[in-house]
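Just so you know, the sequence shown maps onto residues 12 to 572 in the working numbering. The beta carbon of each residue, even a glycine, is placed where N, CA and C say it ideally should be. Remember, predicted model here, so these are calculated numbers, not experimental data. As structure tokens, the structure follows; a few thoughts come after it.
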Amino acid sequence: MGQCANFQRGFSRLVGGGNPAMLSGSAVSITTEIAKRRTFAIISHPDAGKTTLTEKLLLYGGAVQLAGSVTARKNQRATTSDWMELEKKRGISISSTVLQFDYDGYRINLLDTPGHKDFSEDTYRVLTAVDAVVMVIDSAKGIEPQTRKLFEVCRQRGVPIFTFMNKCDRPMKNPLELIDELERVLGIGAFPVNWPIGDGFDFRGVFDRQTSQMHLFERTVGGQFRAPVSVGGVDDPAVRGQLDDVTFNKTTEELAMLEQAGEIFDDAAVLAGKSTPVFFGSASNNFGVQLLLDGFLKHSPAPKPRIMAGTQIAPEYPYFSGFIFKIQANMDPKHRDRIAFVRVCSGKFERDMIVHHSRSEKKVRLSSSHKIFGNERETLDEAYPGDVIGLVGHDSFGIGGTLTTDPQVLYKEIPRFTPEAFSYLHNPNTAKYKQFRQGLEQLLQEGVIQALYLRHSSIKAPLLAAVGPLQFEVVQYRLQSEYGAESRLEAAPWTVVRWFPTDITEEVLDSLSLPTGSRLAYDTGKNPVVLFPNEWSAGYFEETNQQAKLSAIPVQTARDA
Ligand SMILES: Nc1nc2c(ncn2[C@@H]2O[C@H](COP(=O)(O)OP(=O)(O)OP(=O)(O)O)[C@@H](O)[C@H]2O)c(=O)[nH]1
Ligand SMILES: [Mg+2]
């Protein structure tokens, strides 16, 4: 009903703005397609098990036959989502990965994200493109700092959160304490959908509180295959016989305590992001993965309307619209091209359709469209709201751009980040100048890193700016492996950057008296910035130069809009 009203509103406001691809199509079919879509990200602090869980969701979703492992040992395949060379080498995720697959009548768009804070820009961009998240928690550690930050972003956006308490096969915190921590530290309601039976070496499975069934699992070597499971009620002798008295009694006591608390599963609170359903398990052992997948699909939302300048654009809106939230080059060494990842927000996407591109204000034909699965791709002919699609061959596409058949639609979803690490990047091999420039330009377009240009400077080496220093390493590694270009980093003496108002004149910039060690520069959008050696000198400058109001958040120029 709500969506229907939004559809009406969006439609009457924007009708006549273009050439609707869908007006002649069947409204019923688009509604059915939207209802089938589930688009979500897996988020958490580093190492909680996001990539492992992603791989197991693919295994249980039937999208891979054999699960790989993050630390791909000899004779074992690597995970589908950590496909980058550097990720395999390091065993950490560096870049988010899109995985689209069908399961149980749903079209799932799953995004595995990197947990490390140096790569959080990528993760935050992904959060703009999803309708829900699965928050993974290491049950031995509880809520870690990066999880808390990501949770805050989800809360601000009202994104429904599902929690997976992972690594129950290791000595873990008391599950009651973990639930309490969610409520206390995050200030969110928490409803345990299932409950761990035993922990550590004695972790046997989970009790599904909604069906009152015990699920007892067996471990498989390397967790490559689905874990055999026996299911039965608490008093079922076949199940009861597999548990020792201590484990059985502890579990039933804890369950009784939960029942006494008397909370019920509140779908509305979950959809509003006010309460999180909690699932326990072990991703590496495949325990509880099926219950998470099915529980998530049952309770998570289909694509919702998007807000644009105060108006809601419903997914059923008959004009196609979507925005670019990620660019990635060289995913397939055979192709060496760049893919723009688009979240479809409204209408139906059809290959070869002509759309308006907000940044260039030009009409473009989208002929090379792909369904993405890790670093694999397949030609895609149509897509619906919720889908993430990959578009190849458009150099003008940048992160944040809107593509639509109704030029009045313009999404401004992508957040901007303040760099805190600065370094010059030298090219030690002049013979490879072209590769160096080309590679760097591409990585800048991908948003792997930002660049600044010092004012009145004779230094030729680009000044790179990053949220965290690991981003520099990624740039160097990728320049070498993807472009054959060596590079050398030289630390730059600043740690703080601030933006001036866009209307500040060159004369005013000339007249400023800067603290020692500070420099004026421009960002890639030619917006003036000032670099400081530390917070103290930034504060001093702000106090003594009231006429030039500084912003810690990158300004959005018309070019970015
Ligand atoms: N014991 C145990 N280890 C696990 C489990 N799940 C994942 N791990 C291990 O935890 C480590 C980190 O797993 P990842 O899946 O790479 O974690 P991640 O959250 O994707 O890490 P980043 O992407 O780098 O933030 C790996 O060594 C996994 O094998 C589990 O259920 N039990
Ligand atoms: Mg990972």
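Subject >> Cβ shell of H437 (< 8 Å), same chain only, five flanking positions each side left out >> reply: A472, S498, R499, L500, E501
**OP:** Rounded to whole angstroms, what's the CA-CA distance from L414 to P207? Just pull it up for me.
**Re:** 46 Å
Original post:
Around the Cβ of L34, are there at least 16 other Cβ atoms within 10 angstroms (buried) or fewer (exposed)?
Top reply: Because L34 sits at a pLDDT of 46, beneath the cut-off of 50, its placement in the model cannot be relied upon, and the point is left open.
**OP:** Using three-state DSSP, classify D93 as helix, strand or coil.
**Re:** In the three-state reduction of the DSSP assignment, D93 falls in the coil class.
Subject >> Contact test: R181 Cβ vs ligand 1 heavy atom, cutoff 6 Å >> reply: Indeed, a heavy atom of ligand 1 lies less than 6 Å from the Cβ.
Subject >> Unbroken beta strand (DSSP E) run spanning R499, endpoints >> reply: Run containing R499: 499-502, per the beta strand (DSSP E) assignment.
Subject >> Outcome for N120 when other beta-carbon atoms lying within 10 angstroms are tallied against a minimum of 16 >> reply: Flag for N120 reads buried.
Original post:
Do you know how far the Cα of D142 is from the Cα of G306?
Top reply: 16 Å
Original post:
Considering only residues of the same chain and omitting the five flanking positions on each side of F218, which have a CB-CB separation below 7 Å?
Top reply: N205, W206, I208, M225, T262, L266
Subject >> Nearest to P312 (by Cα), restricted to the options A279, N440, F334 >> reply: A279
Original post:
How about K373 and F352: are their beta carbons less than 7 Å apart?
Top reply: no
**OP:** Determine, using beta carbons only, whether F447 and A394 come nearer to each other than 7 Å.
**Re:** Contact check for F447 against A394 fails: the beta carbons are separated by 7 Å or more.
**OP:** To the nearest angstrom, report how far apart D514 and Y533 are at their CA atoms.
**Re:** It is roughly 13 Å from the alpha-carbon of D514 to the alpha-carbon of Y533.
Subject >> Proximity test, S104 beta-carbon vs ligand 2 heavy atom, cut-off 6 Å >> reply: yes
Subject >> Any non-hydrogen atom of ligand 2 within 6 Å of K445 CB >> reply: no
Original post:
Looking at D213 and ligand 3, is the gap between the Cβ and the nearest heavy atom below 6 Å?
Top reply: The ligand content of the structure shown is limited to ligand 1 and ligand 2, which means ligand 3 is not among them.
Original post:
Just to check, is the beta-carbon of K47 closer than 6 Å to a non-hydrogen atom of ligand 2?
Top reply: no
Subject >> Exposure of W578, with buried meaning 16 or more beta-carbon neighbours within 10 Å >> reply: Because the chain spans 12 through 572 in this model, residue 578 falls outside it and cannot be assessed.
Original post:
What does a CB cutoff of less than 8 Å around G244 pick up in its chain, not counting 5 residues either side in sequence?
Top reply: S223, Q224, M225, V250
Subject >> beta strand (DSSP E) segments (min. 3 residues) lying fully within the stretch 343-416 >> reply: 349-357, 364-368, 373-377, 380-384, 387-390, 399-403, 413-415
Original post:
When the Cα of P565 is compared with those of L161, Y494, P426, L523, which residue comes out closest?
Top reply: Nearest neighbour of P565 by Cα position, chosen from L161, Y494, P426, L523, turns out to be P426.
Original post:
Secondary structure at F511, three-state DSSP: helix, strand or coil?
Top reply: F511 carries a coil assignment under DSSP once its states are collapsed to helix, strand and coil.
Subject >> Status (buried if at least 16 other CB within 10 Å, exposed otherwise) for N260 >> reply: exposed
Subject >> Whole-angstrom distance between L193 and Q235, CA atom to CA atom >> reply: 31 Å
Original post:
Per DSSP, what kind of secondary structure is Y464 in: helix, strand or coil?
Top reply: strand
Subject >> Sequence-distant residues of its chain with Cβ nearer than 8 Å to Y551 (five each side left out) >> reply: P526
Subject >> Local conformation of N260 per DSSP, three classes >> reply: helix
Original post:
CA-CA distance, F573 and Q167?
Top reply: Beyond the ends of the chain as shown, which are 12 and 572, falls residue 573; an answer cannot be given.
Original post:
How many Å lie between E96 and S524 at the Cα?
Top reply: 47 Å
Original post:
Should N177 be counted as a contact of ligand 1 given a C-beta to heavy atom distance under 6 Å?
Top reply: yes
Subject >> Nearest to P430 (by Cα), restricted to the options F543, T390, G411 >> reply: F543
Original post:
Beta carbon of S295: closer than 6 Å to some heavy atom of ligand 1?
Top reply: yes
**OP:** Along the beta strand (DSSP E) that carries D219, what are the first and last residues, could you check?
**Re:** Segment 216-219, the beta strand (DSSP E) holding D219.
Subject >> Sheet register partners of Y444 (DSSP bridge) >> reply: Beta-bridge analysis with DSSP links Y444 to no other residue.
Subject >> beta-carbon T62 near ligand 2 non-hydrogen atom, thresh 6 Å >> reply: Checking the 6 Å criterion, the Cβ of T62 is within range of a heavy atom belonging to ligand 2.
Original post:
Got a sec: does ligand 1 put a non-hydrogen atom nearer than 6 Å to the Cβ of A59?
Top reply: A59 Cβ: within cutoff of ligand 1.
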